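One structure below.
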Amino acid sequence: MQKLSEFFSGDGDGDDRTDNFLEDGSEGLCSLSPTQRMYGFAASLATGLLLMFLRSHVFFGSTAFLMGPEQQINMMFDPVRLYATSIYIGCVVVALICALLIHSKILTVLAILCEICALIWYSLSYIPFARRMVSEIMIRLCDTEL
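Below is the structure:
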């Protein structure tokens, strides 16, 4: 803990390699000190993690306004919404695996895109005839017959 406080305060012997790493190339890019960069990094990381955490809570909260939380949880596993719910939860797990274990940016982005599509399809199930209308529009737009 003392080394960490010495690093942020600039006192003590410290590791010159860390200081040089943070100070390299700082003349042309920005004029932040190494301490300010560390605080900026920590704030950005904390904000990103908070937004990821709130994303799932806001989604379930927003759909709970339509029917109430208990009925919404029961209706998530209705036959009409079961596929969209399963795909959404599966894509969340796949995105986390790709990001944290595999470290593949392309697979993570693809999993997140599938997750968003499943979320939209799930949300459309609460609007009468919305899925049918979107399906018909997509068929007309993607129809390749001339």
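For the sequence shown, my numbering puts the final residue at 152, and the numbers step up evenly by one.
Ideal Cβ placement from N, Cα and C applies to all residues, glycine included.
Computed from a predicted structure; not experimentally measured.
In this structure, the alpha-carbon of E121 lies about 16 Å from that of S131. Minimum Cα-Cα distance from I93 among the listed residues A124, P134, F83 and R138 corresponds to A124. Of the residues assessed, Y128 falls on the buried side of the cut-off, its CB having 16 or more other CB atoms within 10 angstroms. DSSP places S92 within a helical segment (H, G or I) once states are collapsed to three. If the five residues before and after A70 are omitted, its C-beta is found closer than 6 Å to the C-beta atoms of Q78, all from its own chain and listed in chain order. Contact between M73 and M82 is ruled out by a C-beta separation of about 10 Å, above the 8 Å threshold. Shown here for R137: same chain residues with a beta carbon closer than 8 Å to its own, the five before and five after excluded, namely W127, L130 and S131 in chain order. Across the set V115, C148 and D84, the C-alpha of V115 shows the shortest separation from the C-alpha of V99. According to the DSSP assignment, P75 belongs to the alpha helix (DSSP H) that extends over P75 to M82. Judged by DSSP secondary structure, A136 falls within the alpha helix (DSSP H) whose first and last residues are A136 to C148.
The continuous alpha helix (DSSP H) containing I126 extends over residues K111 to L130.
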